[in-house]
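Asker: In the order they appear, the protein sequences are chains A and U. Heads up: the first sequence begins at 1 in UniProt numbering, then just goes up one per residue. Heads up: the second sequence begins at 1 in UniProt numbering, then just goes up one per residue.
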Amino acid sequence: MKEKKKIVASNSFTNYFRRNLGSLIGLAALSIIIGVIAPKLFSGTNLLNLLKSNSVNAIISCAMLMAILLGEIDISVGSTVGLAGVVSASLITDFGMPVGVAVLVSLLVGVVIGIINGMSIAYFKVPAFIATLATQCIGRGLTQVISGGISIRVRNDAFSNIAMTNIGGVSVIIIYAVIFLLITWLLLNKTKFGYYIYAIGGNRQAAEYSGINVKLFNALPYVFSGIACAFCGILWTARLGSAAAMLGNGFELDAISAVVIGGTSMSGGVGTVGGTVLGILIIGVLQNGLNLMGVNSFWQYVCKGIIILLAVIIDVIRKSKEN
Amino acid sequence: MENNCLLQMKGISKAFGSNKVLLDISLDLHNGEILSLLGENGAGKSTLIKILGGIYSSDSGEIYIDGEKKAISTSAAAQEYGVRIIHQEIVLVPHRTIAANIFLGREPRTSLGTLDYKKMVSESQKIMDEFGIDLDPDSLVCELSLGLQQQVEIIKAVSANARIVVMDEPTSSLSESETEILFQIIEKLKKKGVGIIYISHRLDELFQISDRIMVLRDGRVINTVPIAEAKREELINMMVGRVLDKYYVRTKNEIRDIALEVKGLQHKKLFSDISFQVHYGEIIGFSGLVGAGRTEVMKAVFGGLPHDGGKILLEGIEVKIRKPRDAMEAGIAYVPEDRRGEGLVLLNDVEFNIGLADIKDLVKGIRVRKSKWKKIVDDYVEKFSIKITSPRQKTGRLSGGNQQKVVLGKWLAIKPKVIILDEPTRGIDVGSKAEIYSIINDLAADGAAIIIVSSDLPEIINMCDRTYIMCEGRITGELSAEEFSQEKIMTFSTMTGIEKEEAV
Numbered sequence: 001m002k003e004k005k006k007i008v009a010s011n012s013f014t015n016y017f018r019r020n021l022g023s024l025i026g027l028a029a030l031s032i033i034i035g036v037i038a039p040k041l042f043s044g045t046n047l048l049n050l051l052k053s054n055s056v057n058a059i060i061s062c063a064m065l066m067a068i069l070l071g072e073i074d075i076s077v078g079s080t081v082g083l084a085g086v087v088s089a090s091l092i093t094d095f096g097m098p099v100g101v102a103v104l105v106s107l108l109v110g111v112v113i114g115i116i117n118g119m120s121i122a123y124f125k126v127p128a129f130i131a132t133l134a135t136q137c138i139g140r141g142l143t144q145v146i147s148g149g150i151s152i153r154v155r156n157d158a159f160s161n162i163a164m165t166n167i168g169g170v171s172v173i174i175i176y177a178v179i180f181l182l183i184t185w186l187l188l189n190k191t192k193f194g195y196y197i198y199a200i201g202g203n204r205q206a207a208e209y210s211g212i213n214v215k216l217f218n219a220l221p222y223v224f225s226g227i228a229c230a231f232c233g234i235l236w237t238a239r240l241g242s243a244a245a246m247l248g249n250g251f252e253l254d255a256i257s258a259v260v261i262g263g264t265s266m267s268g269g270v271g272t273v274g275g276t277v278l279g280i281l282i283i284g285v286l287q288n289g290l291n292l293m294g295v296n297s298f299w300q301y302v303c304k305g306i307i308i309l310l311a312v313i314i315d316v317i318r319k320s321k322e323n
Numbered sequence: 001m002e003n004n005c006l007l008q009m010k011g012i013s014k015a016f017g018s019n020k021v022l023l024d025i026s027l028d029l030h031n032g033e034i035l036s037l038l039g040e041n042g043a044g045k046s047t048l049i050k051i052l053g054g055i056y057s058s059d060s061g062e063i064y065i066d067g068e069k070k071a072i073s074t075s076a077a078a079q080e081y082g083v084r085i086i087h088q089e090i091v092l093v094p095h096r097t098i099a100a101n102i103f104l105g106r107e108p109r110t111s112l113g114t115l116d117y118k119k120m121v122s123e124s125q126k127i128m129d130e131f132g133i134d135l136d137p138d139s140l141v142c143e144l145s146l147g148l149q150q151q152v153e154i155i156k157a158v159s160a161n162a163r164i165v166v167m168d169e170p171t172s173s174l175s176e177s178e179t180e181i182l183f184q185i186i187e188k189l190k191k192k193g194v195g196i197i198y199i200s201h202r203l204d205e206l207f208q209i210s211d212r213i214m215v216l217r218d219g220r221v222i223n224t225v226p227i228a229e230a231k232r233e234e235l236i237n238m239m240v241g242r243v244l245d246k247y248y249v250r251t252k253n254e255i256r257d258i259a260l261e262v263k264g265l266q267h268k269k270l271f272s273d274i275s276f277q278v279h280y281g282e283i284i285g286f287s288g289l290v291g292a293g294r295t296e297v298m299k300a301v302f303g304g305l306p307h308d309g310g311k312i313l314l315e316g317i318e319v320k321i322r323k324p325r326d327a328m329e330a331g332i333a334y335v336p337e338d339r340r341g342e343g344l345v346l347l348n349d350v351e352f353n354i355g356l357a358d359i360k361d362l363v364k365g366i367r368v369r370k371s372k373w374k375k376i377v378d379d380y381v382e383k384f385s386i387k388i389t390s391p392r393q394k395t396g397r398l399s400g401g402n403q404q405k406v407v408l409g410k411w412l413a414i415k416p417k418v419i420i421l422d423e424p425t426r427g428i429d430v431g432s433k434a435e436i437y438s439i440i441n442d443l444a445a446d447g448a449a450i451i452i453v454s455s456d457l458p459e460i461i462n463m464c465d466r467t468y469i470m471c472e473g474r475i476t477g478e479l480s481a482e483e484f485s486q487e488k489i490m491t492f493s494t495m496t497g498i499e500k501e502e503a504v
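(1) In terms of residues, what are the limits of the beta strand (DSSP E) holding U/Leu314?
(2) How would you label A/Ala122, buried or exposed, when you count the other beta carbons within 10 angstroms and need 16 or more for buried?
(3) Starting from the beta carbon of A/Glu72, find every residue of chain U whose beta carbon is closer than 7 Å, and list them in chain order.
(4) Nearest CA to the CA of A/Ser210: which residue from U/Val418, U/Arg106, U/Ala413?
(5) Checking the sheet assignment: what are the DSSP bridge partners for A/Gly275?
(6) Write down the C-beta distance between A/Phe129 and A/Ile73 rounded to the nearest angstrom, noting that I regard them as a contact closer than 8 Å.
(7) Taking A/Ala206 as the query, report the chain U residues whose CB atoms sit under 8 Å from its CB, ordered along the chain.
(8) Do U/Lys10 and U/Asp59 come within 8 Å of each other at the CB atom, strictly closer than that value?
(9) So what does DSSP say about U/Asp358, is it helix, strand or coil?
(10) Tell me, please, whether the CB atom of A/Lys5 is closer than 8 Å to any CB atom in chain U?
(11) What would DSSP say about A/Phe124, mapped onto helix, strand or coil?
(12) Taking the alpha helix (DSSP H) that A/Lys215 belongs to, which residues open and close that run?
(13) Checking contacts by CB at 8 Å: is U/Ser57 closer than that to chain A?
(14) With a threshold of 7 Å on Cβ separation, who are the neighbours of A/Ala38 within its own chain once the five nearest residues in sequence on each side are excluded?
(15) Note the first and the last residue of the continuous beta strand (DSSP E) segment covering A/Asp74.
(16) Could you check whether A/Gly201 and A/Gly268 sit closer than 8 Å to each other, using their CB atoms as the reference points?
(17) Is the distance from the Cβ of U/Ile378 to the Cβ of U/Ile414 below 8 Å?
(18) Find the nearest neighbour of U/Ser454 within the set U/Lys370, U/Leu22, U/Ile274, U/Val335, judged by alpha-carbon distance.
(19) Under 7 Å between beta-carbons, which chain A residues line up against U/Glu107? List them in chain order, please.
(20) What did DSSP end up calling U/Ile93 once you bin it into helix, strand or coil?
(21) Assuming residue 325 of chain A is part of the alpha helix (DSSP H), what are its boundary residues?
(22) Quick one: grab the DSSP three-state call for U/Ile72.
(23) Which whole-angstrom value is the C-beta distance of U/Gly427 and U/Ser172, which I expect to be below 8 Å?
(24) Can you give the Cα-Cα distance for U/Arg96 and U/Lys119, rounded to whole angstroms?
(25) Excluding the 5 residues preceding and the 5 following U/Glu178 in the sequence, name in chain order all residues of the same chain whose CB lies nearer than 6 Å to its CB.
(26) Using a Cβ cut-off of 9 Å, pull out every chain U residue sitting near A/Ala199, in sequence order please.
(27) Are the beta-carbon atoms of A/Ser79 and A/Gln136 separated by less than 8 Å?
(28) What's the C-alpha gap between residue 334 of chain A and A/Thr237?
(29) For U/Gln393, report the span of its alpha helix (DSSP H) as first-last.
(30) On the CB-based measure, 16 or more other CB atoms within 10 Å of its CB, does U/Asn161 come out buried or exposed?
(31) Using beta carbons (cut-off 8 Å, strictly below), is A/Val270 in contact with chain U?
(32) Hey, quick one: how far does the alpha helix (DSSP H) through U/Asp429 stretch, first residue to last?
(33) In chain order, which continuous runs of the beta strand (DSSP E) of length 3 or greater are located wholly inside the region 130-204 of chain U?
(34) Pick out the complete alpha helix (DSSP H) segments inside the region 394-464 of chain U, 4 residues or longer, and give them in chain order.
(35) In chain A, what lies closer than 9 Å to U/His87 by C-beta?
(36) Determine the direct distance from the alpha carbon of A/Met64 to that of U/Thr117, and round the result to whole angstroms.
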């Protein structure tokens, strides 16, 4: 047995390259194949578009990464996006509230959903899948109740500026995504919050015996998730100028795909922000490519489903090889 | 007097429901002292130290540290008072580095308020140097062997200015050399004035390191003896509460025909060129260090792991074994090392588990042969004197010894000709151990061919007719009962490929 095998410091570039080799090759291959069929992929405007349209997924993936690192999952993300979007639109249009108040209340809605998820999972031991399925259902229901099943239009410049501003020719949405990714990286690699997420996901008992408040640090990531999703709901509504009742539908699927394709283990404890970024890009390039090739959106669902399945199978094979 | 005492536990009692686990236990521990706790499984040792560690709370009783009364209600509180527990099973986060594990729960910060990983690495290095452990603090825990992970556990425990360190069976999965390193670390801790509570079933170890031995039975303190006055037989008698005439039971049998022969078995990563044979009525051993590949070879013979080459012959005829069912049909049974993980369905009851291997015979179509099932269960419960309240009792609640008997019963129900026992007595108390040895002896006397994989050298020496020794995936030696000695076995166990060729 090689006990002294040296692991290169976790922040080094070569290590990143080695650990994510599979995803990097996948991304390159995908880009080349799609680039040959639809050369438009590599045009500057298309690339910026691609980044912009995947920014919301990037933000949600940050939250999903934390849940999956815990060895759990959060499938309520999409419905939280919808609920927060509809709440912000309704407050501005139906109640004439100032933009600041509407945004704050929407974020608060995200916090509340996050607390419900976190409490039920960490304190009441409800399996994460069931707990977040329930809040997904609650969120979807409330979205319909508030919107009455139709889109709520928002005509407010201050509000739309949240998403429509460009900074140096780059959409502010992309900048938000980059900031979220950076914050998540910082949280996971430089703070107790992140260290304890890895510890709880890797070996809950070890975390408990080390005197960590396991329940608290199991619950907090869901609050982060709630806030991130609510923010996405606001962004999306500001960008479209309206909030539809179906806003956010299926977002959980894209986020889970990105995180899993990025090499995060479904059983928890293993995964990085860097890998997740690759996962987001793979999903983004695939979707963009399928659009460029004119594949209809229902077939795109089929594609995405297959890819998630493959990614998880690869994860399982990788783990069985480790043993 | 009280001020000299590092730790005092007074009148500790604890019950789970109506089951009284601890009754009025008192102990004291001084600076630089090693107090060993001895007792069969279920005697209350684990519960006692879980109370000290803040994992359980006691129903009554008090804990004093340096003469001051302390309330230890959480593991965080225990750690604050300098109590550190090294649990029997390794509790580290596998995919994190050694340094991150050592500082888990008390990470140092930089001036910016972020966590200071560099400092974790340098501090870990410092402590490991101090204890003479040669590991890279930046490597992942999951890449270390069990023995090295254990060392990380100890470093983690002592790095936080531990004053009282509890070790619960720290050597149960260590090789001899790893155990030696552990004892050196313990000596260093002792010199630093750390008080140590040491739990082990291995009496030799207790005599080697303890200052005092406290014997527990059925949740009570039976006696506490200074090591100078301790006698092996007396300790065992105190522990089991009856006079145990003989520990290892072995009657020599007439060796009959070859039962199982393995020729040149290969696996591209785990082992190569494995050839051995076992006769009916014979007990052979497989010794070697943890990680030598013994378990993997046995799993391959049983079809639980694939093999890439070689032959498996039963009574001289080659059998193709690709999955456990093939091996079972050929009459081979495998009692795994990890009985909780691989041997039992813990949530299910004794009856279910005993019938599980023989289920093909017990369930015909949709008809369950209830009376036959029940009879098999009753037979084994009686034959092995398995202590259960009813066949409906969940196996997860049984002691290690009783669990092992249930697993044995499960496999014997299919009437195997070849029985492979992987670490059959690991973590099992002395009384049950003797019973299991007696069962093994009876099986061999009845003509079964038995293979025992064991890291416990006295077990191999006293129970086996022959032993093979493995190192790094190869068989490095074979000894007959007349040639047995701990030294010879250890020499072969540490013989790597090159040395072997030189020896030849």
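From the three backbone atoms N, C-alpha and C, an ideal C-beta is built for every residue, glycine too. Nothing here was measured: the structure is a model prediction, and the numbers come from that model.
Answerer: This is what the structure holds:
(1) Counted from its first residue, the second sequence places residue 314 of chain U at position 314. Per DSSP, the continuous beta strand (DSSP E) segment holding U/Leu314 begins and ends at 309-314.
(2) Working through the first sequence from its first residue, we reach residue 122 of chain A at position 122. Its Cβ being crowded by 16 or more others within 10 Å, A/Ala122 is buried.
(3) Here residue 72 of chain A refers to the residue found at position 72 of the first sequence. Chain U residues near A/Glu72: none, gap ~16 Å exceeds 7 Å.
(4) Locating residue 210 of chain A in the first sequence gives position 210, counting from the first residue. The candidate whose alpha carbon is nearest that of A/Ser210 is U/Arg106.
(5) Within the first sequence, residue 275 of chain A is the residue found at index 275, counting from 1. Answer is none; A/Gly275 lacks a bridge partner.
(6) Taking the first sequence and counting its residues from 1, one reaches residue 129 of chain A at position 129. Taking the first sequence and counting its residues from 1, one reaches residue 73 of chain A at position 73. Confirmed, Cβ separation roughly 6 Å.
(7) Translated into positions along the first sequence, residue 206 of chain A becomes position 206. Here the neighbours are Val91, Leu92, Val93, Asn101, Leu104.
(8) By 1-based counting over the second sequence, the position of residue 59 of chain U is 59. By 1-based counting over the second sequence, the position of residue 10 of chain U is 10. No, the pair does not count as a contact, with Cβ atoms beyond the cut-off.
(9) Counted from its first residue, the second sequence places residue 358 of chain U at position 358. For U/Asp358, the secondary structure class from DSSP, reduced to helix, strand or coil, is coil.
(10) Within the first sequence, residue 5 of chain A is the residue found at index 5, counting from 1. Any reading at A/Lys5 needs caution, since the residue's pLDDT is 40, under 50, leaving its predicted position unreliable; the model's value is listed next. It does; some Cβ of chain U falls within 8 Å.
(11) In the first sequence, residue 124 of chain A corresponds to position 124, counting from 1. Coil at A/Phe124, not helix or strand.
(12) Here residue 215 of chain A refers to the residue found at position 215 of the first sequence. Here the alpha helix (DSSP H) through A/Lys215 covers 214-240.
(13) Looking up residue 57 of chain U in the second sequence gives position 57. Chain A contact via Cβ: absent.
(14) In the first sequence, residue 38 of chain A corresponds to position 38, counting from 1. The residues are Gly289, Leu292, Met293.
(15) Your numbering for residue 74 of chain A matches position 74 in the first sequence. No beta strand (DSSP E) contains A/Asp74, which DSSP labels as neither H nor E.
(16) By one-based count along the first sequence, residue 268 of chain A stands at place 268. By one-based count along the first sequence, residue 201 of chain A stands at place 201. With contacts defined as CB atoms closer than 8 Å, A/Gly268 and A/Gly201 qualify as a contacting pair.
(17) Here residue 378 of chain U corresponds to residue number 378 of the second sequence, with the count starting at 1. Here residue 414 of chain U corresponds to residue number 414 of the second sequence, with the count starting at 1. At residue 378 of chain U the sequence reads Asp, which differs from the Ile that was named. No, they are not a contact pair.
(18) The residue labelled residue 454 of chain U in the question sits at position 454 within the second sequence. Ranking the options by Cα distance to U/Ser454, first place goes to U/Val335.
(19) Position 107 of the second sequence, counted from the first residue, corresponds to residue 107 of chain U. Going along chain A in sequence order, the residues near U/Glu107 (Cβ under 7 Å) are Lys192, Tyr195.
(20) Start at 1 with the first residue of the second sequence, and residue 93 of chain U comes out as number 93. The amino acid occupying residue 93 of chain U in the given sequence is Val; Ile does not appear at that position. Looking at U/Val93 - three-state DSSP - the assignment turns out to be coil, as it is neither helix nor strand.
(21) Residue 325 of chain A cannot be examined here, being either before or after the span of chain A that is shown, 1 to 323.
(22) By 1-based counting over the second sequence, the position of residue 72 of chain U is 72. Looking at U/Ile72 - three-state DSSP - the assignment turns out to be coil, as it is neither helix nor strand.
(23) Taking the first residue of the second sequence as 1, we reach residue 427 of chain U at position 427. Taking the first residue of the second sequence as 1, we reach residue 172 of chain U at position 172. Contact holds; Cβ gap of about 5 Å.
(24) The residue you call residue 96 of chain U lines up with position 96 of the second sequence. The residue you call residue 119 of chain U lines up with position 119 of the second sequence. Those two C-alpha atoms are separated by around 16 Å.
(25) Along the second sequence, read from residue 1 onward, the residue named residue 178 of chain U stands at position 178. Gly147.
(26) Indexing the first sequence from 1 puts residue 199 of chain A at position 199. Within 9 Å Cβ-Cβ: Val93, Arg96, Ala100, Asn101, Leu104, Gly105.
(27) By 1-based counting over the first sequence, the position of residue 79 of chain A is 79. By 1-based counting over the first sequence, the position of residue 136 of chain A is 136. It is a contact, given that the beta carbons lie within the stated cut-off.
(28) Limits of chain A in this structure are 1 at one end and 323 at the other, which puts residue 334 of chain A out of reach.
(29) Along the second sequence, read from residue 1 onward, the residue named residue 393 of chain U stands at position 393. Segment: none, U/Gln393 is in no alpha helix (DSSP H) and carries neither H nor E.
(30) Here residue 161 of chain U refers to the residue found at position 161 when the second sequence is read from its first residue. By the neighbour-count rule (16 or more Cβ atoms within 10 Å), U/Asn161 is not buried but exposed.
(31) The count along the first sequence starts at 1 and reaches residue 270 of chain A at position 270. For A/Val270, the answer is yes, since a Cβ of chain U falls inside 8 Å of its Cβ.
(32) As a working mapping, residue 429 of chain U is identified with position 429 in the second sequence. Premise fails: U/Asp429 is in no alpha helix (DSSP H) and is neither H nor E.
(33) 164-168, 195-199
(34) 400-412, 430-445, 457-463
(35) Indexing the second sequence from 1 puts residue 87 of chain U at position 87. Per Cβ cutoff of 9 Å: Gln205, Tyr209.
(36) Sequence index remark: in the second sequence, residue 117 of chain U carries index 117 (1-based). Sequence index remark: in the first sequence, residue 64 of chain A carries index 64 (1-based). It should be pointed out that residue 117 of chain U corresponds to Tyr in this sequence rather than to Thr. Distance between the alpha carbons of U/Tyr117 and A/Met64: 25 Å.
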